[in-house]
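Chemist: Counting from 1 along the sequence shown, just add 559 to a position and that's the residue number in the numbering used here. Starting off with a structure, shown below.
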Amino acid sequence: MNNLAVAYPHSGKWNEAEELQAHVLEIHTKLLGGEHPHTLRSMNNFTSTYLDLGKWNEAEELQAHILEICTKLLGEEHLDTLRSMNNFASTYFDLGK
């Protein structure tokens, strides 16, 4: 389902992508917990759709959450944490912050 949710935007199916990604995130969170790598990956995919839909505040909020979890679990120098920082910085740039 996650792969399909990621593929939808490439077909211009933004609303379907958002709905499916919300569903995938809900399932991952319920089954794996909010700090599991698959859950974090689902969150990250969701932020991309938020950005594509122009939902900047939602993307910013979710990216802050992802960065907080990655920093706590993996440390500031881990590749996933650095990737999260980069994504967050890109959103800040897009928002003019």
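Built from N, CA and C at the ideal position, the CB exists for glycine as well. Remember, predicted model here, so these are calculated numbers, not experimental data.
Which residue marks the beginning of the alpha helix (DSSP H) containing Asp-631, and which one marks its end?
Modeler: To locate residue 631, count along the sequence shown from 1; it is residue 72. Just to set this straight, residue 631 is Lys in the shown sequence, not Asp. Note, Lys-631: alpha helix (DSSP H), 615-633.
Chemist: Out of Glu-594, Tyr-651, Asn-603 and Glu-575, which one is the CA nearest neighbour of Ile-628?
Modeler: In the sequence shown, the residue the question calls residue 628 occupies position 69. Considering only alpha carbons, the answer is Glu-594.
Chemist: Do you know how far the Cα of Glu-575 is from the Cα of Glu-633?
Modeler: The residue you call residue 633 lines up with position 74 of the sequence shown. The residue you call residue 575 lines up with position 16 of the sequence shown. For the record, residue 633 in the displayed sequence is Leu; it is not Glu. Going by the C-alpha atoms only, they are around 32 Å apart.
Chemist: Measuring straight from C-alpha to C-alpha, what distance separates Gln-622 and Ser-570?
Modeler: Here residue 622 refers to the residue found at position 63 of the sequence shown. Here residue 570 refers to the residue found at position 11 of the sequence shown. Each residue's Cα considered, the two are about 24 Å apart.
Chemist: Look at the alpha carbon of Leu-638 and the alpha carbon of Lys-572, and state the distance between them as a whole number of angstroms.
Modeler: Position 79 of the sequence shown, counted from the start, is the residue given in the question as residue 638. Position 13 of the sequence shown, counted from the start, is the residue given in the question as residue 572. Their Cα atoms are separated by approximately 31 Å.
Chemist: Name the two residues that bound the continuous alpha helix (DSSP H) containing Leu-610.
Modeler: In the sequence shown, counting from the first residue as 1, residue 610 sits at position 51. 596-611 is the span of the alpha helix (DSSP H), which, as asked, contains Leu-610.
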